[in-house]
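Asker: Protein sequence lines, in the order shown, are assigned to chains A and B. Note that this note's numbering gives residue 207 to position 227 of the first sequence, counting from 1, and the numbers run on in steps of one. The number in this note's numbering is simply the position in the second sequence, starting from 1, with 152 added. All C-beta atoms, glycine included, are put in the ideal place defined by N, C-alpha and C.
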Amino acid sequence: MTQTSPAESAFDLMRRRRFWANMGLGALLVLMGLVLGVCSSCQSVPEDTFKTTGPLTPDKVEDYGRLVAEGRDLYEAQPRNEERLRRSVSRFDQAMTLKSDDYDTLWQGARSCAWLAAYAGQKTDRVEFSKAGLRYAQTALKVKPAGTEGLFYFAVLSGRLGENDNSYGLDAVTKIEESCKKIIESGADVAYGGAHRVYGMLLLRAPAPPTSIGSLRNARKQLEAALAKAPDWPENHLCAAEMEFAWAKDREKPEFAAQARERLQKYLLAPEARTPQGHEFEFERWKEDALKLLAENR
Amino acid sequence: MRVFYSLVIAAVFLLGVGVSQAQEAKTPELGLSVFKLGEVNANDKQAGEAIDKLAKHLSDQVKDAKFVRRGVRSKPDDTLTLLKDDKNPTALAIVSPGFYFKHKDSLKLTALAEAQRGGFNGEQYTLVGKVKAEKYPEGKKVATTLDADPDWLDKVVLPRPQGAKPVQWVHYDNLADAGYLFLDEPENAPDFILLDRMSLKVFQGDADLKGLVAGLSSEVLPQDLVVEVDGRLGKHRDATIKVLAELDQTPEGKKLGELLQTATFPAPDEKRLQAAAARYK
């Protein structure tokens, strides 16, 4: 996790905590199904970016600031819902017509799109928001090539695109792996061990080599690293539990299944399991996923 | 007047049905089945869409032919059931060479082409382990995904010298994970892992696995074969062979080849096929 310097004010610290909390969303990559033969025509993840705008003219400074703030506020309002997130993306889209080179705005636009790529009701919309979000993430990376948030949302959105349109699956695997590795190697953290979690879920669900890169052992390493980064983050426990059920089956070690059940209860299902602040909607979804996982692994 | 319209509508309807039936009669379905020995993801749910794509490509390229997927299987018994299903007949199948040799006569299989998976001309298996396998590893545990066809393994891939204690084939869905056991849990690791050419390449490029040592290798063997079942391709046989051999000649075919990890399906290497068949007996 990013360290705070003593010089930082309490306000900065609070703002940063909120900042990271907001990035936790959607990081559970439910991608697979996508590799091997499931890709239907092997398309590349789109690489387009926003057109470069000229300098922000003084009369537009206020408009730009208002649009960005609204986009962010609409994302942060709890509990999140599709209608508000669509409005959030719309504000960011408008802001891009005025200025398209502010890194923070770009990754925040990608984040709103990522939410819709995960939770929009219609599959066609999820595909479109994946592509729209990738444009934000790609542009963010153009501005700041090693930007942690840009890389993270690029990975998440590539996964969402592959999940919702299998023809992007093969390329998505490569893109996710590359982006997550860059974040991990930089030592930065994002979204509560997000890079480890996303990469870990990819390794858990992808087919084995030589078809793809799947490996239960490597998945376990990554998901344990995510837990080490953020031991209380419920999504990390949800992902770790899925890995443990697979491990229990593969290695014939039922104690791992018992451990998975225990962590699902403790961090997601028990009455004392706490909803992380700013993640009311997502926490309910994770609880549903936890119940499904338990039902599949009775 | 109303009666007239009714007759017209009825005539159009009948005509439509007639045309449709005529088209169906003209283009009977040619079933396409795929068997990938030991590949855990070789099933209709995970690989069906890709095989549908191959069926569509063949339908588009072979005049008046309509290929449809019958099924994707990873186990020999399931594949046998699929290929014996007369209600949903398979005309064209991709099968392992062992399956082809075993059921060639009973299912009336004719080898038309050979998959060049990973761009390799022929398959070659290599034993890797902590130590170099210099000779037949008598009585050792060898990890493989191919254990559902022990005849193929024992007679062709790693022929057992007379009097030697047979190797113990141990099934792993994921050979990379079997390789990591040498590092993480040596007490639970197999003695060796049997790798195909593509997997060996993966091992050689993996930071943790490249330290394992490659030893004894098999002869160069046939890869998976494209076979015709019971002459069911009929007049479409030659065109089908041509389309498969020229898969990498069009942009669409290239994309499909990437998806299948097989750029092209040239004619089988007869010499190689006969040599393997002789051992398999």
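Any beta carbon from chain A within less than 8 Å of E275(B)'s own beta carbon?
Answerer: Taking the first residue of the second sequence as position 1, residue 275(B) is located at position 123. It does not; no Cβ of chain A falls within 8 Å.
Asker: With burial defined as no fewer than 16 other Cβ atoms inside 10 Å of the residue's Cβ, what is the status of H176(A): buried or exposed?
Answerer: In the first sequence, residue 176(A) corresponds to position 196, counting from 1. Buried is the call here.
Asker: Taking only three categories from DSSP, how would you classify R221(B)?
Answerer: Mapped onto the second sequence, residue 221(B) falls at position 69. Note: R221(B) maps to strand in three-state DSSP.
Asker: So within the stretch 65 to 131 of chain A, which uninterrupted beta strand (DSSP E) runs reach at least 3 residues, ignoring any that extend past its ends?
Answerer: As far as the stretch 65 to 131 of chain A is concerned, it has no whole beta strand (DSSP E) run of at least 3 residues.
Asker: Determine, using beta carbons only, whether T191(A) comes closer than 8 Å to chain B.
Answerer: Start at 1 with the first residue of the first sequence, and residue 191(A) comes out as number 211. With 8 Å as the cut-off, T191(A) counts as an interface residue toward chain B.
Asker: Determine, using beta carbons only, whether V308(B) and R222(B) come nearer to each other than 8 Å.
Answerer: Reading the second sequence from its first residue, position 156 is the one you call residue 308(B). Reading the second sequence from its first residue, position 70 is the one you call residue 222(B). No; because the gap between Cβ atoms is not below 8 Å, this pair is not in contact.
Asker: Terminal residues of the continuous alpha helix (DSSP H) containing A295(B)?
Answerer: Residue 295(B) sits at position 143 when you count from the first residue of the second sequence. A295(B) -> not in any alpha helix (DSSP H); beta strand (DSSP E) instead, spanning K293 to T296.
Asker: Does E143(A) pass the burial test, meaning 16 or more other C-beta atoms within 10 Å, or should it be called exposed?
Answerer: As a first step, residue 143(A) is located in the first sequence; it is residue number 163 there, counting from the start. That one is buried.
Asker: For the stretch 255 to 264 of chain B against the stretch 402 to 411 of chain B, are there 3 or more C-beta pairs whose distance is under 8 Å?
Answerer: Because the criterion of three Cβ pairs below 8 Å is not met, the stretch 255 to 264 of chain B and the stretch 402 to 411 of chain B do not touch.
Asker: Output yes if chain E places a C-beta closer than 8 Å to the C-beta of Y432(B); else output no.
Answerer: In the structure shown, chain E cannot be found, because the protein chains are A and B.
Asker: I think A135(A) touches I156(A), with their Cβ atoms under 8 Å apart; what is that distance to the nearest whole Å?
Answerer: Within the first sequence, numbered from 1, the residue matching residue 135(A) stands at position 155. Within the first sequence, numbered from 1, the residue matching residue 156(A) stands at position 176. Rounded, the Cβ-Cβ distance is 5 Å, consistent with contact.
Asker: With 16 as the cutoff for other CB atoms within 10 Å, does H105(B) come out buried or exposed?
Answerer: With chain B covering only 153 through 433, there is no way to say anything about residue 105(B).
Asker: Going by the DSSP bridge assignment, what does Q320(B) pair with across the sheet?
Answerer: Translated into positions along the second sequence, residue 320(B) becomes position 168. The partner list for Q320(B) (beta bridge, DSSP) reads K293(B).
Asker: What are the boundary residues of the beta strand (DSSP E) that L264(B) is part of?
Answerer: By one-based count along the second sequence, residue 264(B) stands at place 112. Counting along the chain, the beta strand (DSSP E) containing L264(B) begins and ends at L261 to E266.
Asker: Can you list the residues of chain B that R67(A) reaches, using a CB-CB cut of under 7 Å?
Answerer: Residue mapping note: residue 67(A) aligns to position 87 of the first sequence, counting from 1. The contacting residues do not exist; R67(A) stays about 35 Å from chain B at best.
Asker: Can you name the residues of chain A whose CB is closer than 9 Å to the CB of S185(B)?
Answerer: Here residue 185(B) corresponds to residue number 33 of the second sequence, with the count starting at 1. Those within 9 Å of S185(B) in chain A number zero; the least Cβ separation is about 14 Å.
Asker: To test your reading of the DSSP string, which unbroken alpha helix (DSSP H) runs of 4 or more residues are found completely within the stretch 181 to 221 of chain B?
Answerer: Listed in chain order, the complete alpha helix (DSSP H) runs (minimum 4 residues) inside the stretch 181 to 221 of chain B are 196 to 213.
Asker: Within the same chain, show all residues whose beta-carbon is closer than 6 Å to that of T231(B), passing over the 5 residues directly before and after it, in chain order.
Answerer: Taking the first residue of the second sequence as 1, we reach residue 231(B) at position 79. Same-chain partners within the cutoff: F187 and R225.
Asker: Return the first residue and the last residue of the alpha helix (DSSP H) that R366(B) is part of.
Answerer: Locating residue 366(B) in the second sequence gives position 214, counting from the first residue. The sequence shown places Ala at residue 366(B), rather than the Arg named in the question. Note, A366(B): premise wrong, no alpha helix (DSSP H); beta strand (DSSP E) at V365 to S369.
Asker: Please indicate yes or no: does the CB of G34(A) lie closer than 7 Å to some heavy atom of the ligand COA?
Answerer: Summarising the ligand content, the structure contains no ligands, and the ligand COA is consequently not present.
Asker: Which residues does DSSP pair with L377(B) in a beta bridge?
Answerer: Here residue 377(B) refers to the residue found at position 225 of the second sequence. In DSSP, L377(B) forms a bridge with V247(B) and E266(B).
Asker: What does R265(A) reach in chain B if we use C-beta pairs closer than 9 Å?
Answerer: As a position in the first sequence, residue 265(A) is number 285, starting the count at 1. Those within 9 Å of R265(A) in chain B number zero; the least Cβ separation is about 24 Å.
Asker: Hey, A328(B) and P189(A) are a contact pair by Cβ (cut 8 Å); roughly how many whole angstroms apart?
Answerer: Indexing the second sequence from 1 puts residue 328(B) at position 176. Indexing the first sequence from 1 puts residue 189(A) at position 209. About 5 Å; that satisfies the 8 Å criterion.
Asker: For S159(A), which residues in the same chain have their Cβ closer than 6 Å to its Cβ, ignoring the five residues on either side in sequence?
Answerer: Taking the first sequence and counting its residues from 1, the one referred to as residue 159(A) is at position 179. Cβ within range, chain order: L131, F134 and A135.
Asker: I need the DSSP call for A430(B), collapsed to helix, strand or coil.
Answerer: Working through the second sequence from its first residue, we reach residue 430(B) at position 278. A430(B) falls in the helix class under three-state DSSP.
Asker: Closer than 6 Å by C-beta to A94(A): which residues in its own chain qualify, once you throw out the five before and the five after it? Chain order, please.
Answerer: Counting from one through the first sequence, the residue named residue 94(A) turns up at place 114. Excluding sequence neighbours, A94(A) sits near G6, G113, Y133, V136 and L137.
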